[in-house]
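Accompanying notes for the structure given below.
Protein chains: 2
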Amino acid sequence: MNQIDFRTEPSRYRHWKIEPDGDIAYLVMDVDPAGGLSADYELKLNSYDLAVDIELNDAVQRLRFEHPEVRAVVLKSGKENVFCAGANIRMLGKATHGHKVNFCKFTNETRLAIEDACEHSKQSYLAAVAGACAGGGYELALSADHIMLIDDRRSAVSLPETAMLAVLPGTGGLTRVTDKRKVRRDLADVFCSVEEGVRGKKAVDWRLVDEIIAKTKWNDAVKARAAEIAARSDRPNNAKGIKLEPLDRNISGDTITYANVRVEIDRERSLATISVKGPSSAIPSTIEAAHALGSKFWPLATARELEDAILHLRFNEAKIGVIVFRTEGDAKAVLDHDTFLGQHQNDWLMREIRHYLKRVFKRIDVTARSFVTLVEPGTCFAGTLAELIFASDQSLMLIGRRDGDNRPPAAIILGEANFGFYPMGNGLTRLQSRFLGEPESIDRAREKIGEIIEAEKASALGLVTFTYEAFDWDDQQRIMFEERVAYSPDALTGMEANLRFAGPETMETKIFGRLTAWQNWIFQRPNSVGEQGALKLYGSGIQPTFDKERI
Amino acid sequence: MNQIDFRTEPSRYRHWKIEPDGDIAYLVMDVDPAGGLSADYELKLNSYDLAVDIELNDAVQRLRFEHPEVRAVVLKSGKENVFCAGANIRMLGKATHGHKVNFCKFTNETRLAIEDACEHSKQSYLAAVAGACAGGGYELALSADHIMLIDDRRSAVSLPETAMLAVLPGTGGLTRVTDKRKVRRDLADVFCSVEEGVRGKKAVDWRLVDEIIAKTKWNDAVKARAAEIAARSDRPNNAKGIKLEPLDRNISGDTITYANVRVEIDRERSLATISVKGPSSAIPSTIEAAHALGSKFWPLATARELEDAILHLRFNEAKIGVIVFRTEGDAKAVLDHDTFLGQHQNDWLMREIRHYLKRVFKRIDVTARSFVTLVEPGTCFAGTLAELIFASDQSLMLIGRRDGDNRPPAAIILGEANFGFYPMGNGLTRLQSRFLGEPESIDRAREKIGEIIEAEKASALGLVTFTYEAFDWDDQQRIMFEERVAYSPDALTGMEANLRFAGPETMETKIFGRLTAWQNWIFQRPNSVGEQGALKLYGSGIQPTFDKERI
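Which chain is which? The protein sequence lines are L and B, in order.
Numbering of the first sequence is given in the working numbering, commencing with residue 171 and proceeding in unit increments.
Numbering of the second sequence is given in the working numbering, commencing with residue 171 and proceeding in unit increments.
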């Protein structure tokens, strides 16, 4: 398969249109049947594949950065009689297990990004459902704050996956039905096991949608509701968006270079090293200057590049088992940028950047690779960049210096950013998750904000996993990487998915933990993916044959 | 395979010994290598299979009911140099997917029963670990309130599953490491990826065990610590246990008959009907009389029979997709028994019975079958038995009477039992989980305690899913059952596992949701169960070959 590229922009969209109208924007889904990632299937009836979702992800992102004046987004269909038919089944039927799993993860992240925009940017989504809204289509609607359904005796919402395809509504559907819409359990069970779905008043009574509207009043009602939602938003007046300029990426052999991020792939060892450069210039002198920098402003540029690198490795480098984080540059410049973000936290753009960085770190949390951070002389693990240590499964720190290296010893510097800028999906900061058993360690760490913390102190504070002297460093590292990549990739995926999320669960962690894990199991079961399975036979006219054993 | 029987008693144990010593009991694991369920494998080094765990489950249960004088249970090994080597790998290697999954579920329930005894009966477990304590062995120790490790430079705790077997420590191991022991995430990662485990002071520093004790002081220290734990218990003095008499069960063709429970299997339709009889006699006149009834006391007898029926269906009737609950008898007698349980809630035995009923209902919650309750004339869905409705995925209630049936119309009667006796694994009552989106419905239901609620009112109160008149009843029921069993069993399992647990997650729901789901996925992956997989090749001397793709 060709490499999957996540970079796009509205002028290149084939499936979506952003139509701003004052403080409302219409996000119109109008899928080009021939515009899928592969020619093996046609994207009929507004069904989607990854190509469609890459554009949606981009649109959600651009609405936040390029259209700060938008307070309500109306998610609607550009086609008659269908809102969205969900993920394309032929695509799922032909996809490898790995692609299915990665596709679902990405689409889940996109829907969570919609919810993040509603909650944290008060750029609220309204799903205006006219026509069939099935499976992934209803799951998309579920990500909105408010769901309107046209009452035309035909349009219905449905989750027919179990009945029709022998899989789950795995893009958050089951979890949002129980935990967001809070549908009564037995009604949820009926709804999820009935192919044709629910329409009209029953859809409201069962809490599946928020309101139904007669066909004659539909357009006006949607517009009025959007205006009402927009009026409740706290977004600033007269905010002027910034342009997310095309990401400058250069892939040459096994090296990928961006302005602030570099990825080096070592296939022999199944390793990829992501190096993040600290800011090369001082903070902007004013908030206006930061806006003028736009997508060149270091925290934003770095977030975009890091995100692209992670997604690239996920989809295009499946055999790379371990991702190593390094940094290089000036720790003080990183901290200055954090301070700038903190000081201007009420500026809409600075707020967006922080939430975006939060989402990028969350992408790391749910990436099925082992992450290891190496803290050495010359690195700048401070504040936001120190968060990479706490997002890693393990971290190694060099004690002192190497012979002939005159740079100061490796150091970590904590900043306010580590104590609340970037909560994980479980609602805790990474330090809170880390120190669940010893909350006093968080206070101890907080007292050290701004201090240079060298290896032995970092170890005593519980900030790194191992510290080694120079003479041990190379061997210990080599052994650790060799062992890690020798283990079963599946066992590591399952282990990490459990160990990374201590403490409370949220709808978000339930989606990636409970729902996704069950879906992945089902995606391996002959009843769905076997030669006689429902996904394989879909559309063939042949009924699947199920092994009736209940497990 | 022969039918699996969960009924046992200490005189028949081959693997465990209960050794009471005043208010302490030693629960000694001394597995008979030849005593497994199958002759295909030998249970070396205190490794276990289902046969061993059936006895453990029985022992934990009998300690609560037959030994109320016991305040601290010391979990120890009867073998030199090994505490427990975990689940037997050859058994896992040869087991079907279904058996592996059911085995793990049952062992998880047993460990949760140990925690339930610690928390709710103040019969606290102490794991005295001398010798190797690996995988499921450490997971067993993790279920105890307190873990002591002998400091002999050799004994270690370990979770080598990922490194050695390409599977997870799936009996709660990963979840208890993060959420109960609250081990720091990166240390947990190291611990779970290191075959040899951790011993001595490091095991304490990493929070893996509570204390280490030098070999010379071991026996005295264990005894002293057990005495100290016993002294903290609130258990009554001079309580005299009751005997759990052998369950009287008769299997004849497709009918299983107990004193209060009957199971009828309809293989053609993949249905099993469990009918529970209400009490046939009035409540005991005094609490002493209830003790004298012992395991014949209706709530206890019914709990035991219902539990046995559920476990039997899980393990021995895999192709039965739907379980139907019915009741018959006198609703008032059920409510009287609930009232009796409530009035004597400080009596140790009544307390045990309530917690036991709670655990039986929880077994239903995690059973991978669809549950449907039928409420018809002649049934007695009141209080404790009404809980079966709320534990079901759907419920159907008949409106009015059938021609020629002179009994009163079907009715539900709510009791205090439905508002707090039996919390689910998520910490909520079933009514709280049911009405997560409309908490006012709980208050409305509570106002109806003791009232006869017929079908239309039950529907208006949200207590049942569907109500049908007599002329519709048979058809609607037939269609529903036919549809249900036509769906993919796997998709239903995943769907139900998601829909049944709305709202908060606890360590318990995380074990059955997140951890178990991932383990089930891994149990389907070629890297563990393929011909070249780690489970298959274990002990052969041949290294497994892994597909290196990370998913």
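From the three backbone atoms N, C-alpha and C, an ideal C-beta is built for every residue, glycine too.
Bear in mind that the values here come from a model prediction, so they are computed numbers and not experimental data.
Contacting residues, own chain, Cβ-Cβ under 6 Å from residue i (five flanking each side not counted)
i	result
Tyr428 of chain L	Arg419, Glu475
Phe671 of chain L	Asn596, Thr679
Val347 of chain L	Val353, Ala358
Phe605 of chain B	Ser611, Ile612
Asp349 of chain L	Met677
Asn251 of chain B	Gly301
N-terminal and C-terminal residue of the alpha helix (DSSP H) that residue i is part of
i	result
Leu376 of chain B	Correcting the residue type first, residue 376 of chain B is Trp in the shown sequence and not Leu. Counting along the chain, Trp376 of chain B falls outside any alpha helix (DSSP H), and DSSP gives it neither H nor E.
Met677 of chain B	677-680
Glu666 of chain B	659-669
Ser611 of chain L	610-616
Leu463 of chain L	457-463
Pro696 of chain L	696-699
Val222 of chain B	220-236
Ile559 of chain L	557-560
His269 of chain B	267-290
Gly703 of chain B	First-last for Gly703 of chain B: undefined, no H or E at that position.
Ile692 of chain B	686-692
Ala358 of chain B	355-362
Residues bridged to residue i (per DSSP)
i	result
Phe636 of chain L	L:Leu566
Met199 of chain B	B:Trp186, B:Ser247
Cys303 of chain B	B:Cys254, B:Val327
Thr425 of chain L	L:Ser422, L:Glu434
Glu498 of chain B	B:Lys447
His482 of chain B	BP columns for His482 of chain B are empty, so no partner.
Glu381 of chain L	L:Met318
Glu624 of chain B	B:Ala581
Phe541 of chain B	B:Ile493
Ser403 of chain L	Its beta-bridge partners do not exist; DSSP assigns none.
Arg369 of chain L	L:Ala326
Leu441 of chain B	B:Asp436, B:Val492
Ser313 of chain B	Its beta-bridge partners do not exist; DSSP assigns none.
Phe591 of chain L	Its beta-bridge partners do not exist; DSSP assigns none.
Ser217 of chain L	L:Gly256
Ser294 of chain L	L:Ala242
Neighbourhood of residue i by C-beta distance below 7 Å, restricted to the same chain and skipping five residues each side
i	result
Ile224 of chain L	Phe176, Thr178
Gln409 of chain L	Looking at the sequence shown, residue 409 of chain L is not Gln but Ala. So the list reads Pro238, Glu239, Trp518, once near-sequence residues are dropped.
Thr549 of chain L	Arg496, Thr497, Glu498, Ala580
Glu331 of chain B	Gly305, Val337, Leu338, Pro339
Glu279 of chain L	Arg533
Glu639 of chain B	Ile569, Gly570
Same chain only: Cβ atoms within 8 Å of residue i, ignoring 5 sequence neighbours per side
i	result
Pro547 of chain L	Leu568, Arg571, Arg572, Asp575, Arg577, Pro578, Pro579, Ala580
Gly491 of chain L	Ser440, Leu441, Arg539, Ser540, Arg654, Val655, Pro659, Leu662
Asp114 of chain L	Because residue 114 of chain L is not part of the residues shown, which for chain L are 171 to 721, the question remains open.
Asp436 of chain L	Asp424, Ala442, Thr443
Ile399 of chain L	Arg241, Ala242, Ser294, Leu296, Asp315, His316
Ile194 of chain L	Val240, Arg241, Ala242, Val243, Val244, Lys393, Ala396, Ala397, Ala400
Phe693 of chain B	His267, Lys270, Val271, Val337, Val699
Lys489 of chain L	Arg437, Ser440
Check: If contact means a Cβ-Cβ distance below 8 Å, which residues of the segment 605-628 of chain L contact chain B?
Finding: Phe605, Leu606, Gly607, Glu608
Next item on the list: Name, going along the chain, the residues of the segment 678-708 of chain B whose beta-carbon falls closer than 7 Å to a beta-carbon of chain L.
Entry: Lys680, Gly683, Arg684, Leu685, Ala687, Trp688, Gln689, Asn690, Trp691, Ile692, Gln694, Arg695, Asn697, Ser698, Ala704
Note to self: Residues of the segment 360-376 of chain B in Cβ contact with chain L at a cutoff of 8 Å, in chain order, please.
What the structure shows: Val360, Cys362, Ser363
Notebook entry, point to check: Relative to chain B, which residues along the segment 562-575 of chain L have a C-beta separation below 9 Å, given in chain order?
Noted result: Ser562, Asp563, Gln564, Ser565
Item checked: Contacting positions in the segment 256-283 of chain L - beta carbon closer than 7 Å to chain B -> His267, Gly268, Val271
Margin query: Please list, in chain order, the residues of the segment 470-494 of chain L that have any C-beta partner in chain B closer than 8 Å.
Written below: Ala488, Lys489, Ile490, Gly491
Next item on the list: Give the residues from the segment 393-422 of chain L that approach chain B closer than 8 Å (Cβ to any Cβ), ordered along the chain.
Entry: none
Check: Using a Cβ cut-off of 8 Å, which residues of the segment 340-351 of chain L contact any Cβ in chain B, in chain order?
Finding: Leu344, Thr345, Val347, Thr348, Asp349, Arg351
Next item on the list: With 8 Å as the limit, tell me which residues of the segment 580-593 of chain B have their beta carbon closer than that to any beta carbon of chain L; keep them in chain order.
Entry: none
Check: For the segment 655-669 of chain L, which residues have a beta carbon sitting closer than 9 Å to at least one beta carbon of chain B?
Finding: Val655, Ala656, Tyr657, Ser658, Pro659, Asp660, Ala661, Leu662, Thr663, Gly664, Met665, Glu666, Ala667, Asn668, Leu669
Item checked: Residues from the segment 514-544 of chain B in contact with chain L, defined by Cβ distance under 7 Å -> Ala538, Arg539
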